[in-house]
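Below is one structure, written out as structure tokens, with a few remarks after it.
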Amino acid sequence: MIEVIRSFLRDLGLNDIQLNFYNHFLRHRFCTIKDLRQDYNYSYSQTYNNLDVLEELGLIDSTDDKPKLYFRVNPKEILSKKLEEKYKEYSERINILDKEIRREESLVGVCQRNITFYHYSELAPGIDHLISLIDNSNSRIVMSALPPSLLKKIEYSLRNAFLKGVEISFFFSRSDFETIQNIFEVYTNILKKLRIKITQTEERTCRLIRFNDLIVNNGILMIDDFGFNTIIFQEDEILHFDGFTAPNLVAQSKKELMSKTKVKTIEINYPKPYQEIIDIISEKKKIKTRELSKLAGIGGSKLRNLLNFLIKDGKIQEKIENEGVGRPASYFMLI
């Protein structure tokens, strides 16, 4: 069963023992150390340490019971995540290579004017390109009103952006729409899983332009200090994408949005699942991973990712204590 992904697992760093164990989990879903020792004739130390590696990689998880029960994490989800991480790693290396080539060519007198420009009238490639730009954002994303259907499609990428520390701001006005009456509720429902600042303004946030003999909205999505992307739309219908590098235009457009008359502002510092974890830890003062998982109704790698973000954000701290038997226990406290 493991043969179709063996080379990929090798790239993740798995050795022969770990490959054998993971293949066992793919076939049997869960087992104990005793089960594996009987099947593969490894020592307790070999079995335990190699299972620990698989657990650190997120390929398997375990209970706190005695004897400890190990079980596989959804293979499609975790391996897809690992593949995305690999893709991002190699994509960053390619970008570094490209910069090195440009630097070397500039040193030997090759003159290049690199102006990035794109435009799409077809929906799918336009969204794909916009998502790739969001995925490569580093510091800040600022948006005007956009079609709700587009926000739904890019919400996952925006979520990944905030998880790596990108600040996200969103501006809109009821004047940007004619037929969508409850636009505030529509937007907040889509964006509630993000760390984001949502500002409703009195004046329009989109420019009105003529497109194919129609008067439509020209919305903007600005990435970092240079990426200026426009989305032409009418109500919830996307008509066209384009974008280019324009630092001055980005700075000017951000200033215009900030200067508009504010009706109300909502700032989501921690989306619901993060806030629930903070509230539980606050109430308990000090809580073990297993109890936190039970109270929050979240487990495995999902809980770990939430905790890692809150630790990185300086909201909570993790303390590992040796309780004498078995693996040390992790406790979490507010800072």
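The numbering of the sequence shown is my numbering, which starts it at 9 and goes up by one.
Glycine is no exception: its CB is placed at the ideal position from the N, C-alpha and C atoms.
Which residues in the same chain as N330 place their Cβ atom closer than 7 Å to its Cβ, once the five residues preceding and following it in sequence are excluded? P336
To the nearest angstrom, how far is it from the Cα of V194 to the Cα of L159? 10 Å
Cα-Cα separation between L138 and L44, rounded to whole angstroms: CA-CA distance, L138 to L44, rounds to 47 Å.
Going by DSSP, what residue range makes up the alpha helix (DSSP H) through K160? From DSSP, the alpha helix (DSSP H) with K160 extends over P156 to L171.
Can you have a look at M266 and say buried or exposed, based on whether 16 or more other CB atoms are within 10 angstroms of its CB? exposed
Compare the C-alpha of M230 against each of L87, R101 and I149 and name the closest. For M230, the closest of L87, R101 and I149 by C-alpha to C-alpha distance is I149.
Starting from N226 and walking both ways along the beta strand (DSSP E), at which residues does that stretch end? L222 to I231
If you drop the 5 nearest sequence neighbours on each side, which residues of the same chain put their C-beta closer than 6 Å to that of P155? F241, D244 and I246
Among the residues of its own chain, which have a CB less than 8 Å from the CB of D221, if the five just before and after it don't count? Excluding positions up to five away in sequence, the list is empty.
Have a look at Y50 and D69 and give me their C-alpha separation to the nearest angstrom. 20 Å
Tell me G235's beta-bridge partners as DSSP assigns them. G235 is bridged by DSSP to I231 and T253.
Taking buried to mean at least 16 other C-beta atoms within 10 Å of its own C-beta, is S181 buried or exposed? buried
Which word fits L105, buried or exposed, when buried means at least 16 other C-beta atoms lie within 10 angstroms of its C-beta? exposed
Using the three-state DSSP reduction, which class does D73 fall into: helix, strand or coil? coil
Taking its Cβ as the centre, do 16 or more other Cβ atoms sit within 10 Å of Y30, making it buried, or is it exposed? That one is buried.
Confirm, please, whether the CB-CB distance from I343 to G322 is below 8 Å. yes
From N197 to G235, what distance separates their C-alpha atoms? 26 Å
Anyone know if the C-beta pair for L199 and F178 falls short of 8 Å? Yes, these two residues count as a Cβ contact at 8 Å.
From the DSSP secondary-structure annotation, give me the bridge partner or partners of Q242. E245
Please name the residue, chosen from V174, N316 and L20, that lies closest to L5 on a Cα-to-Cα basis. In this structure the chain extends from 9 to 343, so residue 5 is not present and cannot be described.
Helix, strand or coil for I324 per DSSP? The answer is strand: DSSP assigns I324 an E or B state.
Beta-carbon contacts of Q120 that lie in its chain and below 6 Å, excluding the five residues immediately before and after: The predicted model places Q120 with a pLDDT of 39, which falls under 50 and marks its position as unreliable; any figure quoted below should be read in that light. Nothing listed; no residue qualifies.
Closest Cα partner of E211 within the set Q260, E175, S152 and F38: S152
Between the beta-carbon of S338 and the beta-carbon of G66, is there less than 8 Å? no
Would you report the Cα separation of K272 and G134, rounded to the nearest angstrom? 31 Å
Less than 8 Å between the C-beta atoms of F38 and L62, yes or no? no
Return the residue from the list K327, E100, D136 and R14 that minimises the CA-CA distance to I296. The residue asked about is misnamed: residue 296 is Lys in this sequence, not Ile. The shortest Cα separation from K296 among K327, E100, D136 and R14 belongs to K327.
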